[in-house]
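Worksheet for the structure shown next.
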Amino acid sequence: MDLSRYSMEGRTVIITGGSGGIGRGCARAFAQAGANVVVASLPADSIPPVLAEIEELGGQALGVTANVTVAEQVDDIVKQTLDRFGRIDVLLNIAGGTYSRNPEMPQFIRAPLLELGEGDFMTAYEANVKSTFLCARAVVPHMKAVGKGAIVNTSSTLYLGPHGKSTGEMSAYGAAKAAVASLTVHMASQWGPEVRVNCIAPGVIDTFRAPGGGTRPGVSAAANRVSVGRVGEADDIGGVALFLASDAASFINGIVMPVDGG
Amino acid sequence: MPDVPQFSLDAFSLKGKVAVVSGGSDGIGRMIAHGFAGAGADVVIAARTQEKMDSVVAEIAAKGGQALGVPTDATDMESVGRMRDAALERFGQIDILANIVGGSQGPTFKRGRLLDLEKSDFMEAVNINVGSVFACCHEIVPHMLEREAGVVINMASIGARDYRMPEPVMSVYNMTKASVMHLTRSMAKEWAPYVRVNCINAGHFITPRRARTETPERRAKSLAEIEVGRFGEPADIAAAAVYIASDAGAFFNGSYLDLHGGT
Chain A
1 MDLSRYSMEG RTVIITGGSG GIGRGCARAF AQAGANVVVA SLPADSIPPV
51 LAEIEELGGQ ALGVTANVTV AEQVDDIVKQ TLDRFGRIDV LLNIAGGTYS
101 RNPEMPQFIR APLLELGEGD FMTAYEANVK STFLCARAVV PHMKAVGKGA
151 IVNTSSTLYL GPHGKSTGEM SAYGAAKAAV ASLTVHMASQ WGPEVRVNCI
201 APGVIDTFRA PGGGTRPGVS AAANRVSVGR VGEADDIGGV ALFLASDAAS
251 FINGIVMPVD GG
Chain B
1001 MPDVPQFSLD AFSLKGKVAV VSGGSDGIGR MIAHGFAGAG ADVVIAARTQ
1051 EKMDSVVAEI AAKGGQALGV PTDATDMESV GRMRDAALER FGQIDILANI
1101 VGGSQGPTFK RGRLLDLEKS DFMEAVNINV GSVFACCHEI VPHMLEREAG
1151 VVINMASIGA RDYRMPEPVM SVYNMTKASV MHLTRSMAKE WAPYVRVNCI
1201 NAGHFITPRR ARTETPERRA KSLAEIEVGR FGEPADIAAA AVYIASDAGA
1251 FFNGSYLDLH GGT
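Each protein sequence line maps, in turn, to chains A and B. Its first residue numbered 1, the first sequence is counted upward by one per residue in this note's numbering. Its first residue numbered 1001, the second sequence is counted upward by one per residue in this note's numbering.
Structure (structure tokens):
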């Protein structure tokens, strides 16, 4: 076995939320592994710096401004990707979040359950679950047609699987991420053997931190609760996403993988 | 505190690392020993049979790697201690410990339905599958803590996962592997932040032992359960172990990786 099993040379990856913290870490990892990277994200002005970073790392990049909770816009990501690169090998569903940071998306807050409105609850579900469904549904026919593909979804340790612990504000998000974990298992069993579908359940990841930059308040307290003594970085998730999407993981399917530093 | 990796494909490299693989002369251990060597690590094979170890050491050397075989009873602390000393004498350090020794049956114990087993079958399964993990960690982890760096990979099984309906003859084996999974969490907590501890929950791999003992009917039934439509291959388990052992897995800790092809 050599390290080329982890390579993405010649492959095309779509990364939803590719201009955000974790998405950007994944974009870097895939570019360094040789992939063509499609950054599908919002707002429009968040995308060019990521494309520049990908190109600096020697990768080819395409940006698509899209709201991944709207089917027509998801279809547009697929169309533009095929027009530019002619193939879709990997989909990383990173778009989502605990609340809406993005002014161009429907707004939802994170709060204890009794303080959540119906709109907050449903929008958290749309942003995290519906987006995963729509994007996966749109790429699978292309992957099936060429006989191979890999999808990596993003849940959270807050989905309260084996490594979860409830925290006050994260209930709607946690429930949505539990749905993503469940959806992963259903997708894997329906779309195999050609398309593998897996899910990462990250712990605390400092998505605000630029590489080499300082640490934001609250993060050092969180780091004390993590066995490895630090919170995660976007690059940590880039590494596991690359592993799961690559041929190195061709026997890994339908799993939810907690990556939380212990 | 370990550094955050700046990501590149080199993050998966094990160059300059030394890995001990218990049970590394055969089956899954041999697959992992080759994987570690392929990723650039020096490898210590700790197993019982000298001839089998010699052939794995020769295979690794033929591919340009460095390996050492040390006859070891992985359930015996004194024997593991002697192996550790030999490893340190040859390579100077131990960065990675893969605890692969184990099995559902062996020369000293049989598997079967609970009421068909002797107490000795039960206790020996615990000794081989869980006691070996304890003994190897007990003798090697202090060295890692002293160096403030190390990775332990334990081998569990999808049979340890509670969503699986247990197969009756595998009751004791599955229980021991559930113990390994749980022990993994405790070890990660106790040895934080320096030593990362994870386990791999392996699904169906056709090891030489399994090839000798399994009926065609049982084999076909297993294959039908796997969504990717094939059994696990050496490169699959090697790639998973290399990911976990490498800097790319620096934030993967106290956790498990299900390696079953979908089920």
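By construction, the Cβ of each residue, glycine as well, lies at the ideal position given by its N, Cα and C atoms.
- For Asp120/A, no CB of chain B lies under 8 angstroms from its own CB, so it is not counted at the interface with that chain.
- By the C-beta density criterion, Pro258/A is buried, having at least 16 other C-beta atoms within 10 angstroms.
- Around the beta carbon of Gln190/A, a 10 Å sphere encloses fewer than 16 other beta carbons of the protein chains shown; the residue is thus reported as exposed.
- Contact holds between the stretch 127-134 of chain A and the stretch 170-188 of chain A, because three or more Cβ pairs, one in each stretch, are under 8 angstroms apart.
- Distance from the CA atom of Cys1199/B to the CA atom of Gln73/A, rounded to whole angstroms, is 40 angstroms.
- Per the coordinates, the alpha-carbon of Phe251/A lies some 10 angstroms from the alpha-carbon of His1204/B.
- In the assembly as shown, Ala1033/B is a buried residue. Its beta-carbon has 16 or more other beta-carbons within 10 Å.
- At the C-beta level, Ser1022/B and Asn1099/B come within 8 angstroms of one another.
- Within chain B, no C-beta atom comes less than 7 angstroms from the C-beta of Gly20/A; the nearest is roughly 17 angstroms away.
- Taking 8 angstroms as the threshold, the shortest C-beta distance from Glu1233/B to chain A falls below it.
- Scanning its chain for C-beta atoms nearer than 8 angstroms, with the 5 sequence neighbours on each side dropped, one finds around Ala172/A the residues Phe108, Arg110, Leu113, Leu116, Asp120, Phe121, Ala124 and Tyr125, in chain order.
- Annotated as proximal: Gly254/A and Thr184/A, with beta-carbon spacing under 8 angstroms.
- The C-beta of Tyr1173/B comes no closer than 8 angstroms to any C-beta of chain A.
- Counting along the chain, the unbroken beta strand (DSSP E) around Ser1157/B starts and ends at Gly1150 to Ser1157.
- Distances from the CA of Arg1048/B to each of Gly1254/B, Ala1061/B, Gly1069/B and Ile1060/B were compared; the closest alpha carbon is that of Gly1069/B.
- Out of Val50/A, Pro49/A and Arg196/A, the CA that lies nearest to the CA of Val90/A is found in Arg196/A.
- Taking Gly238/A as the centre and dropping the five residues before and after it, the same chain places the C-beta of Gly25, Cys26, Arg28 and Ala29 closer than 7 angstroms to its C-beta, in chain order.
- In this structure, Ile1094/B keeps its C-beta atom at 8 angstroms or more from the C-beta atom of Ile1060/B.
- Taking a contact as a CB-CB distance under 8 angstroms, the pair Val228/A and Gly262/A counts as one, their CB atoms being some 6 angstroms apart.
- Exposed is the label assigned to Glu56/A, since fewer than 16 other Cβ atoms lie within 10 Å of its Cβ.
- By a beta-carbon distance limit of 8 angstroms, Leu92/A contacts Val152/A. Their separation comes to about 5 angstroms.
- Each of Gly1029/B, Ala1041/B, Phe1134/B and Gly1150/B was checked against the Cα of His1182/B, and the nearest Cα belongs to Phe1134/B.
- Under the Cβ distance rule, Gln73/A does not count among the residues neighbouring chain B, no pair being separated by less than 8 angstroms.
- Here the C-alpha atom of Asn1253/B lies approximately 12 angstroms from the C-alpha atom of Arg230/A.
- By the Cβ test, the stretch 1033-1046 of chain B is in contact with the stretch 1070-1084 of chain B, since at least three Cβ pairs between them sit closer than 8 angstroms.
- One finds Leu1259 in chain B with Cβ atoms closer than 7 angstroms to the Cβ of Ile252/A, taken in chain order.
- Inside the stretch 1204-1235 of chain B, DSSP marks whole alpha helix (DSSP H) runs of 4 or more residues at positions 1208-1213 and 1216-1224, from first to last along the chain.
- Glu1146/B and Asp1085/B have their C-alpha atoms roughly 15 angstroms apart.
- Collapsing the DSSP output to three states places Met170/A in coil.
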